[in-house]
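Trainee: Take a look at this one; I'll ask things after.
Protein chains in written order, with my numbering: chain A, 53 to 166; chain B, 261 to 371.
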């Protein structure tokens, strides 16, 4: 079965640079969630989209922005990167009309800021 | 206090034993609960979802929900070394579905 695709899988950036993370949800899934997981931490919700509209926002810095496109893929844009942004970034998808809130996670993007 | 609380462990059980993982939550209106397994450096993998009071069984896994006590648990029967991982308990937001996780319990199954 098709899973959530994330790219790139690994990304190394310098401080103050920008990064773009991409997420391709499972086919027919209309909702995408972004989570950030620091070392030894649980995943923290950043932002979500349903049918290309932002549906919820968590502890996402103003330096970050995201959107969902007409094909339902989503991109997380991160600017003025800081050392503390180094983390695993997961995208998860679900189909709102399906089993309530069962989210399936992608493999993640490991971002390292030097 | 976190909205979802788990004992971080590690919980150590011998191979073949039953592992019992527990989780409490503070939001009484929560309706959906999830158990994810996460191996080190990998993504969370959905094991079980539960929405109603009582037990839900799937293979070696049983999830239990008690809304009156705001308590969710996961039992793993016949534990295998490959079950060694961190288990995340999550509750779903009733309006947008975002997941709020506990800090995770590390399970070690010793051969």
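No residue lacks a Cβ here, since even glycine has one placed at the ideal position from N, Cα and C.
Quick check: what's the CA-CA separation for residue 56 (chain A) versus residue 126 (chain A)?
Mentor: Within the first chain, numbered from 1, the residue matching residue 56 (chain A) stands at position 4. Within the first chain, numbered from 1, the residue matching residue 126 (chain A) stands at position 74. Taking the straight line from one Cα to the other gives about 11 Å.
Trainee: Counting C-beta neighbours from all protein chains within 10 Å, is the total for residue 163 (chain A) 16 or more, i.e. buried, or is it exposed?
Mentor: If you number the first chain from 1, residue 163 (chain A) lands on position 111. It counts as buried.
Trainee: Smallest Cα separation from residue 369 (chain B): which of B:270, B:262, B:266, B:264?
Mentor: Locating residue 369 (chain B) in the second chain gives position 109, where the first residue counts as 1. Residue 369 (chain B) has its Cα closest to that of B:270, out of B:270, B:262, B:266, B:264.
Trainee: Quick one: is residue 94 (chain A) buried, meaning 16 or more other Cβ sit within 10 Å of its Cβ, or exposed?
Mentor: Within the first chain, residue 94 (chain A) is the residue found at index 42, counting from 1. Burial call: buried.
Trainee: List in chain order: all unbroken alpha helix (DSSP H) runs of 4+ residues lying wholly within the segment 303-336 of chain B.
Mentor: Listed in chain order, nothing qualifies, since the segment 303-336 of chain B has no complete alpha helix (DSSP H) run of 4 or more residues.
Trainee: For chain A, find out if any of its Cβ atoms is closer than 8 Å to the Cβ of residue 341 (chain B); answer yes or no.
Mentor: Counted from its first residue, the second chain places residue 341 (chain B) at position 81. It does not: the Cβ of residue 341 (chain B) has no partner Cβ on chain A nearer than 8 Å.
Trainee: Is the CB of residue 69 (chain A) under 8 Å away from at least one CB in chain B?
Mentor: Locating residue 69 (chain A) in the first chain gives position 17, counting from the first residue. Not closer than 8 Å to any Cβ of chain B, the Cβ of residue 69 (chain A) fails to qualify, so no.
Trainee: Chain A partners of residue 356 (chain B), CB-CB under 8 Å?
Mentor: Locating residue 356 (chain B) in the second chain gives position 96, counting from the first residue. What residue 356 (chain B) touches in chain A: 100, 102, 107, 108.
Trainee: So, do the segment 273-288 of chain B and the segment 334-349 of chain B have three or more beta carbon pairs nearer to each other than 8 Å?
Mentor: The segment 273-288 of chain B vs the segment 334-349 of chain B: in contact.
Trainee: Which first and last residues belong to the beta strand (DSSP E) in which residue 138 (chain A) is found?
Mentor: Counting from one through the first chain, the residue named residue 138 (chain A) turns up at place 86. Run containing residue 138 (chain A): none; DSSP gives neither H nor E here.
Trainee: Please state whether DSSP places residue 108 (chain A) in a helix, a strand or coil.
Mentor: One-based indexing of the first chain puts residue 108 (chain A) at position 56. Strand.
Trainee: So, does the segment 151-162 of chain A touch the segment 105-120 of chain A, judging by three or more C-beta pairs under 8 Å?
Mentor: These segments do not touch.
Trainee: So, with DSSP's three-state summary, where would you put residue 274 (chain B)?
Mentor: Reading the second chain from its first residue, position 14 is the one you call residue 274 (chain B). Looking at residue 274 (chain B) - three-state DSSP - the assignment turns out to be strand.
Trainee: Note down, in chain order, each residue of its chain lying with its Cβ closer than 7 Å to the Cβ of residue 320 (chain B), except the 5 sequence neighbours on either side.
Mentor: Within the second chain, numbered from 1, the residue matching residue 320 (chain B) stands at position 60. Correct list, in chain order: 336, 337, 338.
Trainee: Assuming residue 286 (chain B) and residue 330 (chain B) form a contact by the criterion Cβ under 8 Å, report the distance between their Cβ atoms to the nearest whole angstrom.
Mentor: On the second chain, position 26 is the one that residue 286 (chain B) refers to. On the second chain, position 70 is the one that residue 330 (chain B) refers to. Yes, they are in contact, since the Cβ atoms of residue 286 (chain B) and residue 330 (chain B) sit about 7 Å apart, within 8 Å.
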